[in-house]
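Beneath this line is the structure, given in structure tokens, with notes to follow.
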Amino acid sequence: MSDLSLMHALIALRAWSQWYYVVSMNSKYLPGCRILRVAFETALKSLQSESRKAVIRLIAYRKCLMCGADVGLGQGDHVIPISKVPYHCAENYAPLCKRCNASKGAKDLLEWWIGKGKCITELHPDALTVYLRLKFRFTPPEELHLPAPEYFKIALQQAESTLPTNLLGFWRENLKKVIYDVLRTDACSKSLPSSMLAVSHRSLYGGDGGREDDHPHLAGH
Ligand SMILES: [Zn+2]
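Quick note on our numbering: the sequence shown kicks off at -13 and runs consecutively.
The following block contains the structure:
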């Protein structure tokens, strides 16, 4: 996986998370590869989607993602630190207690999570969904092509270790296919990122038809 770009890692992690949360809720799906195939087919589209329901569930969760302590309404931190992206909307909200919030500092959610020695399977599924989408949306196109950071590679290894052996071959095949497809269609260097950047600009500077009004703004931080 040494040639894995951030773009590939995002797609693969999104595919895995979709598969994982289906099969962990219903073990009868485990033996087949259909769910995983669909997850890979829809991963890129999913990364481009909004996270309205996941965001609402995270706000209502009221527990610290890391330690499980009770968290007051609006208390928490940003999924992607505002030092990296000045995005104050509820979509960028991670419920965290004061202590964990302080330890997160200016790291992004996954970077901090993996750095703390935690496993990707322990991260709240909605938090992972929101994180992957924000990371995809707000990473400049040229950076999506750079090698995936170490914490992404660790997270992917952890994800891979949850796969039953009969799916491992299928997983690696799809990983190669994703790399091939992204390079072949140039999906992220031209049409996709520029449109995504346009979206992020609208979100940051307004003028998107009031979509942001659906998201209560974060207090503080
Ligand atoms: Zn905590």
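Think of the CB as a built atom: it goes at the ideal place given N, C-alpha and C, for glycine as much as any other residue.
Here's the rule I'm using: 16 or more other beta-carbon atoms within 10 Å means buried, otherwise exposed. How should residue i be labelled?
i: T115; result: buried
i: Q4; result: buried
i: A25; result: buried
i: R119; result: buried
i: M11; result: exposed
i: Y166; result: exposed
i: P67; result: buried
i: L59; result: exposed
i: S177; result: Legend: pLDDT at S177 = 42, less than 50; position of this residue unreliable, value from coordinates given subsequently. It counts as exposed.
For residue i versus residue j, is the C-beta distance shorter than 8 Å?
i: G82; j: V57; result: First, the amino acid is wrong: residue 82 is Leu here, not Gly. In this structure, V57 lies closer than 8 Å to L82 by Cβ.
i: L(-10); j: K163; result: no
i: L(-8); j: E129; result: yes
i: L(-1); j: L153; result: no
i: W98; j: L109; result: no
Would you tell me roughly how many angstroms separate the C-alpha atoms of residue i and residue j, rounded to the nearest one?
i: F124; j: A46; result: 25 Å
i: R85; j: K93; result: 15 Å
i: S180; j: L33; result: Low confidence applies here, because S180 scores a pLDDT of 40, under 50, leaving its location unreliable; read the following figure in that light. Each residue's Cα considered, the two are about 15 Å apart.
i: L44; j: C75; result: 13 Å
i: H131; j: E36; result: 22 Å
i: S147; j: Y7; result: 15 Å
i: G155; j: K121; result: 28 Å
i: G54; j: E27; result: 34 Å
i: P150; j: E159; result: 15 Å
i: V9; j: K70; result: 34 Å
i: P72; j: R20; result: 39 Å
i: I(-3); j: Q61; result: 30 Å
i: K49; j: E77; result: 17 Å
i: T107; j: P126; result: 27 Å
i: K102; j: N87; result: 13 Å
i: C105; j: V65; result: 17 Å
Between residue i and residue j, how many whole angstroms is the CB-CB distance? I'm expecting something under 8 Å.
i: L95; j: Y117; result: 5 Å
i: A(-5); j: A134; result: 4 Å
i: W157; j: L22; result: 7 Å
i: K39; j: D63; result: Contact doesn't hold; Cβ gap of about 21 Å is too wide.
i: A145; j: L51; result: No, A145 and L51 are not in contact; Cβ-Cβ is about 18 Å, not under 8 Å.
So who's on the other strand from residue i, going by DSSP bridges?
i: K49; result: D56
i: P133; result: S(-9)
i: D63; result: A80
Please report whether the beta-carbon of residue i lies at a distance below 8 Å from any beta-carbon of chain E.
i: M(-7); result: Here there is only one protein chain, and chain E is not present.
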